[in-house]
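Numbering of the sequence shown is given in my numbering, commencing with residue 9 and proceeding in unit increments. Just so it is clear, CB atoms sit at the ideal spot from N, CA and C, and this is done for glycine as well. Before any comments, here is the structure.
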Amino acid sequence: LGLGFLTKTPFLLFFIFPVLAMWFFSDLKSRETWIHLVSAYLVCLVIIAPYLMHEPANKALGTDKVFHNVDIKDKVVSLIRFENAQSASNFQEWSSSLYRYVTWPLLLVFALSLFQMIKTRDRKQFFLLLWFLLPSVAVILLAGNTFSRYFLFCIPPVALLTANTLSAIWQVILTKFKQVEIGRASCRERV
Numbered sequence: 009l010g011l012g013f014l015t016k017t018p019f020l021l022f023f024i025f026p027v028l029a030m031w032f033f034s035d036l037k038s039r040e041t042w043i044h045l046v047s048a049y050l051v052c053l054v055i056i057a058p059y060l061m062h063e064p065a066n067k068a069l070g071t072d073k074v075f076h077n078v079d080i081k082d083k084v085v086s087l088i089r090f091e092n093a094q095s096a097s098n099f100q101e102w103s104s105s106l107y108r109y110v111t112w113p114l115l116l117v118f119a120l121s122l123f124q125m126i127k128t129r130d131r132k133q134f135f136l137l138l139w140f141l142l143p144s145v146a147v148i149l150l151a152g153n154t155f156s157r158y159f160l161f162c163i164p165p166v167a168l169l170t171a172n173t174l175s176a177i178w179q180v181i182l183t184k185f186k187q188v189e190i191g192r193a194s195c196r197e198r199v
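Laid out in structure tokens, this is it:
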């Protein structure tokens, strides 16, 4: 998290995921779980601290140390008032970027994986869906002008969910193929 923040501060969108991971996959009553979570955030703070303590000599007007663009605060206010007209354009950029990065055949498999997730109620798949949705929605709602690179972070969970579904489909095909082969072998033995 700390290194991601130093790379690009919108990585702040991902700071909720250790808490979500703890909630999904750990025993919340365990003291060790809480120690690991606090330790992770402390390490992150240690990595970020030099950046936060350093004040650059020349600072661009209208920028903030964390958000770079102070307009983000205005975006939140306009979002609360339902005055954010940029969201429709951002949603269009998001959907076209997703279509270009993933392509339609894999998007169909991704849609199948969503149905599989609902059917199986798999926590890991749901966590990946949140990894895809939460930052995507935040960028769509809060960003000014978006570019396709803003949505690259949503590709890994799509890829993982799609790969899981393709693997399940492949296992079904192999099972059917083995059953056919076993059936043929038993027919040969009878003859």
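Excluding the 5 residues flanking it on each side, Ser103 has no same chain C-beta neighbour closer than 6 Å.
Between the stretch 133-140 and the stretch 12-29 there are three or more inter-stretch CB-CB distances shorter than 8 Å, so the stretches are counted as touching. Residue burial annotation: Glu40 is exposed, with fewer than 16 other C-beta atoms found within 10 angstroms of its C-beta. For the 8 Å CB-CB criterion, Val117 and Leu160 do not form a contact. When secondary structure is reduced to three states using DSSP, Ser34 falls in the coil class, being assigned neither helix nor strand.
The beta carbon of Gln94 lies closer than 7 Å to those of Gly152 in the same chain, with the five residues before and after it left out. By the Cβ neighbour-count rule, Leu11 is exposed, with fewer than 16 other Cβ atoms within 10 Å of its own. Gln133 sits buried, since 16 or more C-beta atoms from the chains shown fall within 10 Å of its C-beta. For Arg108, the uninterrupted alpha helix (DSSP H) segment begins and ends at Gln94 to Val110.
Here Thr154 carries a coil assignment [DSSP, helix/strand/coil]. Contact between Leu14 and Ile43 does not hold, since their C-beta atoms are separated by about 25 Å, which reaches or exceeds 8 Å. With contacts defined by Cβ atoms closer than 8 Å, Tyr109 and Ile163 form a contacting pair. Per DSSP, the continuous alpha helix (DSSP H) segment holding Leu11 begins and ends at Gly10 to Thr15. By the neighbour-count criterion, in which a residue is buried when 16 or more other Cβ atoms sit within 10 angstroms of its Cβ, Ile177 is exposed.
In the three-state DSSP reduction, His44 falls in the helix class (H, G or I). When DSSP states are grouped into helix, strand and coil, Arg129 belongs to the coil group. Of all alpha-carbon atoms in Phe32, Leu9 and Leu20, the one lying nearest the alpha-carbon of Arg131 is that of Phe32.
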